[in-house]
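J.: Under the working numbering, the residue at position 7 of the sequence shown is numbered 3, and the numbers go up by one with no gaps. Idealized CB from N, CA, C, for every residue including glycine. Given the structure is predicted, the values throughout are model-derived calculations rather than measurements. Pasting in a structure now, in C-alpha cells, and then I'll have a few things to ask.
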Amino acid sequence: MASKDPFASRVEAGLRGRGLTLRGLCREAGLDASFFSKVLAGKRSPPSEEGMLRRIADILRLDAVELIVSAGRIPAEWSALCDDADLFHEVHSRATRGAGDADGFDRRGRRPEGRRPQAMGPVGGRTRPPEEPPIEIFPHKGLSEELL
C-alpha cells in the first residue's frame, strides 16, 4: 500500500489540530471545496501559487515552507539555491541521502571513474498516474474490405 501524499497528510493534520472541516478551510482560504477534496485524495495536484499555499499554512497554523515543499514547490526563501552552486549541491546531496555527489558528478559536472548516475525519485513522493490504454481508432481493423 502506498503511503499518503505528504501535502495531504500535513493538511489533514492541520485540519484536525484546528478542528476545521474541509469546507471551513476552503471558505477561509478562498478555495473550491470540490477541487481541494480531490487534492487531498491524490487525484489533483496541490495549488501551485505560493500565496495560496501560505494562506492555507497560516489558516492551519502550519510551517509555510514545509507545506510549500510538500506540495512540490520551491519557496521564495530558497531562491539562494539557484544562485549558490555549493549550497545547491549540499542540499541536493542531503535530500538524496547521499554522502557526496548523489547525481554521480562532481561539482564541475565531471563523472568520476566507475560511478554511474543514480536515478532520482519524484518530487514530494508523487508519481505519475498509470498511462491509459490507447483508444481503438479503427475498430474495423482486420475485417475484409468487402465487408466495409
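1) For the alpha helix (DSSP H) that contains Glu46, what are its first and last residues?
2) Please state the DSSP three-state secondary structure of Asp59.
3) Measure the C-alpha to C-alpha separation of Ala95 and Leu83 and round it to an integer number of angstroms.
4) Using DSSP with H/G/I as helix, E/B as strand and the rest coil, what is Lys0?
5) Apart from the five residues on each side of it in sequence, which residues of its chain come closer than 6 Å, Cβ to Cβ, to Val35?
6) Grouping DSSP H, G and I as helix and E and B as strand, with all else coil, what is Lys34?
7) Taking buried to mean at least 16 other C-beta atoms within 10 Å of its own C-beta, is Arg69 buried or exposed?
T.: Quick answer:
1) Glu46 to Leu56
2) coil
3) Residue confidence for Ala95 is low, a pLDDT of 47 falling below 50, so the modelled location carries little weight; the figure read from the coordinates is stated next. Answer to the nearest angstrom: the Cα atoms are 15 Å apart.
4) coil
5) Pro42
6) helix
7) buried
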